[in-house]
Amino acid sequence: MIRVEGLNKWFRDFNVLKDINITANTGQIYGLVGSNGCGKTTLLKHIIQIFKGDSGSIYYKDTQIKEASPEIEKFYYIQDDLYFPYGYNLDMLFKYESKLYKNMSVEKYEKLLKFFNINRKAKLTTLSKGQKKQAAFIIAVSAKPEVLLLDEVVDGLDAVVKRKFWNVLINEVMERDVTVIISSHDLKEIDNICDKIGIMHEGRIIKEEKMDTLKEEVKRVQFAVEEEYKEIKSDKYEIIKTQKIGSVYFGIIKGDVDIFRKDLNEKYTLLIFDELSMDLEEIFITELGGAGYGKEEFIS
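With this note's numbering applied, the sequence shown covers 315 to 614.
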């Protein structure tokens, strides 16, 4: 389990992390999502101790993590911008990483090479962006870490390779109880694999919740009434947004949707009412909209 408590970080006059509190449980895939420049990468670099916070603490299984903590050897971090030693191929990198990670598995390395079909003798600097991501992932999984920190790791991968990537990741979590924190802008990809989500904006965690609970809290509905619809107010629910397309209204609701439907029935002649599924992208837009992000309208 990874737990971050009250983490703050300043870069000169810029407060990049503001009282961050998150918990990623053992065997859980934690999705870290947020607006551009909100501090996701900086947070991951604090967990792996590349950066040191100005205040706050980071714990692994109730042991506080510091720069020299031996527990760091159980972590593996794949950053967004990959840099490899000049002239190295994948076999050379595996040999080098084996000096740093005592659990490096030759058997797993060979299986992953075959599965991803990567040229082990090609110079890493000559590989495409997607191939570099695969190479880094192969080394990371071969190290058999207990904590895997992934920063935009599926960026640049085609649909087939992404499926392979998720297949391997989920197997690692199921077989070895790996704790995974994955930062990504590809919300559709992580929607179906994350157990828990942390939404960041301007250096803060504005929402942290299990995925199932998150989807229960915010609902999308469509309805039609005979009369002209005017927004209803209630302390049992909050209407985040309503949009009319043709004769049908589409609404985003926080709270009790059944009571909203009952209120519509009492006030109007309700013609249709359907509850629609919400995906992570829609929830993300809704939560950041509540924080005032992305609500501007362009006027030409």
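All residues carry an ideal CB built from backbone N, CA and C; glycine is no exception.
Fair warning: this is a prediction, and the values are worked out from it, not measured in the lab.
Task: Whether Ala457 touches Tyr390 by CB criterion (9 Å) - done: yes
Task: Contact set for Gly353: own chain, Cβ-Cβ below 7 Å, skip 5 residues either direction - done: Val330, Leu331, Met514 and Gly517
- [ ] For Val420, count neighbouring C-beta atoms within 10 Å of its own C-beta (all shown protein chains included) and say buried if the count is 16 or more, exposed if not.
- [x] exposed
Task: Sequence-distant residues of the same chain with beta carbon closer than 8 Å to Met418, five excluded per side - done: Phe408, Glu411, Ser412, Ser456, Ala457 and Lys458
Open item on the list: Is the beta carbon of Leu594 closer than 9 Å to that of Gly348?
Closed with: no
Task: Terminal residues of the beta strand (DSSP E) in which Leu396 lies - done: That residue, Leu396, is in no beta strand (DSSP E); it is neither H nor E in DSSP.
Task: Phe328 versus Ile520 - alpha carbon distance - done: 19 Å
- [ ] Could you tell me the boundaries of the beta strand (DSSP E) in which Ile452 lies?
- [x] Premise fails: Ile452 lies in the alpha helix (DSSP H), Lys443 to Ser456, not in any beta strand (DSSP E).
- [ ] Provide the residue span of the beta strand (DSSP E) that contains Ala338, from first to last.
- [x] Phe328 to Ala338
- [ ] Taking all protein chains shown into account, decide if Met525 is buried (16 or more other Cβ within 10 angstroms of its Cβ) or exposed.
- [x] buried
Open item on the list: Let's test the definition: count the other Cβ atoms within 10 Å of the Cβ of Arg260 and tell me whether it reaches 16, buried, or not, exposed.
Closed with: An answer regarding residue 260 cannot be provided, because it is not within the stretch 315 to 614 covered by the chain.
- [ ] Determine the burial state of Val535: buried for a count of at least 16 other Cβ atoms within 10 Å of its Cβ, exposed for fewer.
- [x] buried
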